[in-house]
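Q: What follows is a single structure, and I will ask about it in a moment.
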Amino acid sequence: MSAPGPVVFVVDDEDAVRRALCRLIGAAGYRVQAFGSAAEFLRDRPSLDGAACLVLDVQMPELGGLELQRELSAANASLPIIFLTGHGDIAMTVRAMKAGAIDFLAKPVDDVDLLQAVETAVRQAARAEAARAELDSIRKRLARLTPREREVLGLLLGGRLNKQAAYELGIAEKTIKVHRARVMEKMEAQSLVELARAADKAGLPYSPSRPGR
1 MSAPGPVVFV VDDEDAVRRA LCRLIGAAGY RVQAFGSAAE FLRDRPSLDG AACLVLDVQM
61 PELGGLELQR ELSAANASLP IIFLTGHGDI AMTVRAMKAG AIDFLAKPVD DVDLLQAVET
121 AVRQAARAEA ARAELDSIRK RLARLTPRER EVLGLLLGGR LNKQAAYELG IAEKTIKVHR
181 ARVMEKMEAQ SLVELARAAD KAGLPYSPSR PGR
């Protein structure tokens with residue numbers, strides 16, 4: 001059995017439009033969850049696990065699409081958004097796109113344009129999820145390091161040779177080599193370059209080499 005497709009949220013206060021969007025997107029193989037207003041979406045707080053994007057009307061009673069975008073951003077709920085509008089303007093479009101919207105489509109929406117925007121959002125969501133999973137994996141590996149191994153890691157990332165790291169920590173060079181091997185093993189890194197890339201993605205600070213060392 002194939003895995004279920006990504007979830008596309010549709011938020012539009014016009015019943016006919018909402019149903020038509022759901023049929024179109026569902027027929028393309030996506031799972032669809034529909035909401036009659038931005039306020040309803042916030043109230044129900046659907047799970048974003050497996051979510052691809054949000055197809056969102058700009059003008060709605062109570063809470064508009066741009067306001068919902070701000071609410072999600074404030075809650076650190078990263079979700080690609082495709083805006084729909086019957087009367088958008090350039091300033092509104094610029095604000096939405098600067099805030100991270102995927103696209104801004106005018107109603108009545110062209111089916112091809114909408115599905116292309118959804119496909120773009122799905123790819124972006126997949127990349128973001130892969131990056132989050134990789135970062136989570138790196139952080140778990142870092143958590144396995146002992147305090148001394150974290151010190152050695154920082155010195156290695158700062159460009160220290162084994163002898164220099166041993167001098168700064170006041171331990172034998174052969175001990176540094178043991179710590180270095182354990183760091184590489186726990187971090188599942190095959191080279192210092194690979195180790196540095198992982199540390200950089202995790203935002204790990206390091207100790208730059210000092211002159212004369």
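According to full-length UniProt numbering, the residues represented by the sequence shown are 1 to 213, in order. Every residue gets a Cβ at the ideal spot worked out from N, C-alpha and C, and that includes glycine.
#1: For a test of the three-state rule: what should DSSP assign to residue 160, helix, strand or coil?
#2: Have a look at residue 38 and residue 20 and give me their C-alpha separation to the nearest angstrom.
#3: Once the 5 residues before and after residue 205 are set aside, which same chain residues still bring their CB inside 6 Å of it?
#4: Compare the C-alpha of residue 31 against each of 51, 69 and 168 and name the closest.
#5: Please tell me whether residue 105 and residue 113 are closer than 7 Å, where the distance is taken between their beta carbons.
#6: Would you say residue 168 lies against chain B (beta-carbon separation less than 7 Å)?
#7: Looking at residue 65: is its Cβ nearer than 7 Å to the Cβ of residue 56?
#8: Would you identify the three-state DSSP class for residue 66, choosing helix, strand or coil?
#9: If contact is defined by three or more beta carbon pairs under 8 Å, each pair taking one atom from either stretch, is the region 143-161 in contact with the region 175-193?
#10: When we look at the beta-carbon of residue 192 and count the other beta-carbons within 10 Å, is it buried (16 or more) or exposed?
#11: Considering only residues of the same chain and omitting the five flanking positions on each side of residue 135, which have a CB-CB separation below 8 Å?
#12: What runs of the alpha helix (DSSP H), each 4 residues or longer, lie entirely inside the region 16-84?
#13: Using the Cα positions of residue 123 and residue 139, report the straight-line distance between them to the nearest angstrom.
#14: Just to check my reading of the structure: residue 60 and residue 15 have Cβ atoms closer than 8 Å, yes? What is that Cβ distance to the nearest angstrom?
#15: Return the bridge partner residues of residue 103 from the DSSP annotation.
#16: Using a Cβ-Cβ cutoff of less than 7 Å, which residues in the same chain neighbour residue 188 once the five nearest sequence positions on both sides are dropped?
#17: Leaving out the 5 sequence neighbours to the left and right, which residues in its chain are closer than 8 Å to residue 24 when beta-carbon positions are compared?
A: So, to answer that:
#1: Residue state, collapsed to three classes: coil.
#2: 18 Å
#3: none
#4: 51
#5: yes
#6: Chain labels in this structure do not include chain B; a single protein chain is all it has.
#7: yes
#8: helix
#9: yes
#10: exposed
#11: 201 and 202
#12: 38-44 and 65-74
#13: 24 Å
#14: That pair is no contact at about 13 Å.
#15: 82
#16: 141
#17: 111, 114 and 115
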